[in-house]
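In short: position in the sequence shown from 1, add 29, done, that's the numbering used here. Backbone N, C-alpha and C fix where the C-beta goes; we use that ideal spot for every residue, glycine too. Values in this document were obtained by computation on a predicted structure and should not be read as measured data. Before any comments, here is the structure.
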Amino acid sequence: MDSEFSCQTSSIQFLSHYDFDYNKFLKDGIPYMNETQEKKLQHLLSGNWMVQSFHKDKVKKAIDQVTCWISSAEEEDFMVLHDIYGFQVIELQLILRKAFSDIWTIPLEDEKLMVKKMNPQYRWVLENTAFDPCQREQILYSARGFTNIFKTLVRAKKPLVGHNMLMDLLYLHEKFYKPLPENYEEFKDNIHFLFPVLLDTKNIAKSTRKEFQFPQVSYLLELYETLCSVVNPTDQLCPEIFHSDDSLRYAINKCPHEAAYDAFLCGAVLLKIAHLL
Numbered sequence: 030m031d032s033e034f035s036c037q038t039s040s041i042q043f044l045s046h047y048d049f050d051y052n053k054f055l056k057d058g059i060p061y062m063n064e065t066q067e068k069k070l071q072h073l074l075s076g077n078w079m080v081q082s083f084h085k086d087k088v089k090k091a092i093d094q095v096t097c098w099i100s101s102a103e104e105e106d107f108m109v110l111h112d113i114y115g116f117q118v119i120e121l122q123l124i125l126r127k128a129f130s131d132i133w134t135i136p137l138e139d140e141k142l143m144v145k146k147m148n149p150q151y152r153w154v155l156e157n158t159a160f161d162p163c164q165r166e167q168i169l170y171s172a173r174g175f176t177n178i179f180k181t182l183v184r185a186k187k188p189l190v191g192h193n194m195l196m197d198l199l200y201l202h203e204k205f206y207k208p209l210p211e212n213y214e215e216f217k218d219n220i221h222f223l224f225p226v227l228l229d230t231k232n233i234a235k236s237t238r239k240e241f242q243f244p245q246v247s248y249l250l251e252l253y254e255t256l257c258s259v260v261n262p263t264d265q266l267c268p269e270i271f272h273s274d275d276s277l278r279y280a281i282n283k284c285p286h287e288a289a290y291d292a293f294l295c296g297a298v299l300l301k302i303a304h305l306l
C-alpha cells in the first residue's frame, strides 16, 4: 500500500521544538490502514499481487542474487539479503517463494532476510503452519499495525478520553476506520457508533471554570498544573498518581506533546475535575 501524506511547515517547526524524532518516525513508524485499504490488500493477497514500481529494481536485484546462489547451493544452505525493510519484507518473500519452489524465507533483525534452500515437501509443511509470517492472516495482521489496537478499543466500548479532541476523532475515522464522509452528521453518527462515550477534558474544564473561578487556560499542561495548584480546593483529596517503572521520567520532567505523557495528563485532568464535580 503506497500511501501519501503531507506536512505543514508550521507543524514541522512545532514538533521540532518539542524534540520530535523524525528519523524514528520515518524508519520505525507503526503501520496502519483503514477498512478501504484493507479490502485492497485482501484483493492483492487473493492472487492479484503487483510489485510497486519503486521496488522493482530491488526485487530484480534480489532475484538475481538468489538465482546465482541457488544453482550451487545444497539443501539447508542459506544466504542473507540486506536492506529489506517495511512491507518489502512481506512483498519480497511472496515474490521469491513464487519464483523458487525449493527455498524458504525467514525475516531477520536489522533489515535482513534469510533465504534457505529446502526440500519442496518440507517447505509445503512450513507454509501450512500458523507461524509462517507470509500466511494471509499474518500479513493482514502485520499490515494493520496500530489499527489492531483501534479495533480492540472499538470492541471494548470504553469511554474515550481526549483534550480538544475533534481533530483526533477526524484522524481516527480517516486513518483507522473509513475515509471521511462528506456529511458532518454521518461523521458524528459513525464516531458515536465506534465510541459511544466521548469525554473531552477541554470542554469539561471550560464548563466548570466559571463555577470554580479557575484562570482561563486551554493547553493541556497548563490545565494540569492549574488543577495541581492551590487554586484547586479538592487537589489534596484526589488520589495520588504513581508512574510505572518505565515512565518515571514523567514524574520529574515535563514532556508535552509526547503521546504517553499527554495521555497521563489527560487522565489526571479528568480525575481531578471529577473530584470537583
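Bridge partners of W133, per DSSP?
As a first step, residue 133 is located in the sequence shown; it is residue number 104 there, counting from the start. K145.
State the DSSP-derived secondary structure class of F160, mapped to helix, strand or coil.
On the sequence shown, position 131 is the one that residue 160 refers to. DSSP places F160 in coil when its eight states are reduced to three.
How big is the Cα-Cα spacing for W87 and A128?
Taking the sequence shown and counting its residues from 1, one reaches residue 87 at position 58. Taking the sequence shown and counting its residues from 1, one reaches residue 128 at position 99. A small fix is needed here, since residue 87 is Lys in this sequence, not Trp. Going from the Cα of K87 to the Cα of A128 covers about 15 Å.
Just verifying my parser: in three-state terms, what is the DSSP assignment at V183?
Walking along the sequence shown from the start, residue 183 turns up at place 154. Helix at V183.
Whole-angstrom Cβ separation of Q122 and T134, contact assumed at under 8 Å?
Mapped onto the sequence shown, residue 122 falls at position 93. Mapped onto the sequence shown, residue 134 falls at position 105. Right, the Cβ-Cβ distance comes to about 4 Å (below 8 Å), so this counts as a contact.
Cross-strand partners of D229 (DSSP beta bridge)
Here residue 229 refers to the residue found at position 200 when the sequence shown is read from its first residue. BP columns for D229 point to G191.
Contacting residues, own chain, Cβ-Cβ under 6 Å from V190 (five flanking each side not counted):
Start at 1 with the first residue of the sequence shown, and residue 190 comes out as number 161. So the list reads L228, C295 and L299, once near-sequence residues are dropped.
Give the C-beta separation of L250 and K283 to the nearest angstrom, bearing in mind that I take them to be a contact with Cβ-Cβ under 8 Å.
The residue you call residue 250 lines up with position 221 of the sequence shown. The residue you call residue 283 lines up with position 254 of the sequence shown. About 7 Å; that satisfies the 8 Å criterion.
Once the 5 residues before and after V226 are set aside, which same chain residues still bring their CB inside 6 Å of it?
Along the sequence shown, read from residue 1 onward, the residue named residue 226 stands at position 197. The residues are P188.
Rounded C-beta distance between T65 and K180? I'm assuming under 8 Å.
In the sequence shown, counting from the first residue as 1, residue 65 sits at position 36. In the sequence shown, counting from the first residue as 1, residue 180 sits at position 151. Not confirmed; about 15 Å, so no contact.
Please report the Cβ distance between H272 and Y47, rounded to the nearest whole angstrom; I am assuming they are in contact, meaning their Cβ atoms lie under 8 Å.
The residue labelled residue 272 in the question sits at position 243 within the sequence shown. The residue labelled residue 47 in the question sits at position 18 within the sequence shown. With 8 Å as the limit, H272 and Y47 do not qualify as a contact, their Cβ atoms being about 20 Å apart.
Considering Cα atoms alone, identify which of R184, E67 and A185 is closest to S32.
For the purposes of this step, residue 32 is taken as the residue at position 3 of the sequence shown. Cα-wise, what sits closest to S32 is E67.
Out of G115, I270 and L305, point me to the one whose CA is closest to P262's CA.
Translated into the one-based positions of the sequence shown, residue 262 becomes position 233. Among G115, I270 and L305, the Cα nearest to that of P262 belongs to L305.
Quick one: what's got a C-beta closer than 8 Å to S247's C-beta in the same chain, skipping five residues either side?
Stepping through the sequence shown from its first residue, residue 247 is reached at position 218. Correct list, in chain order: N193 and K231.
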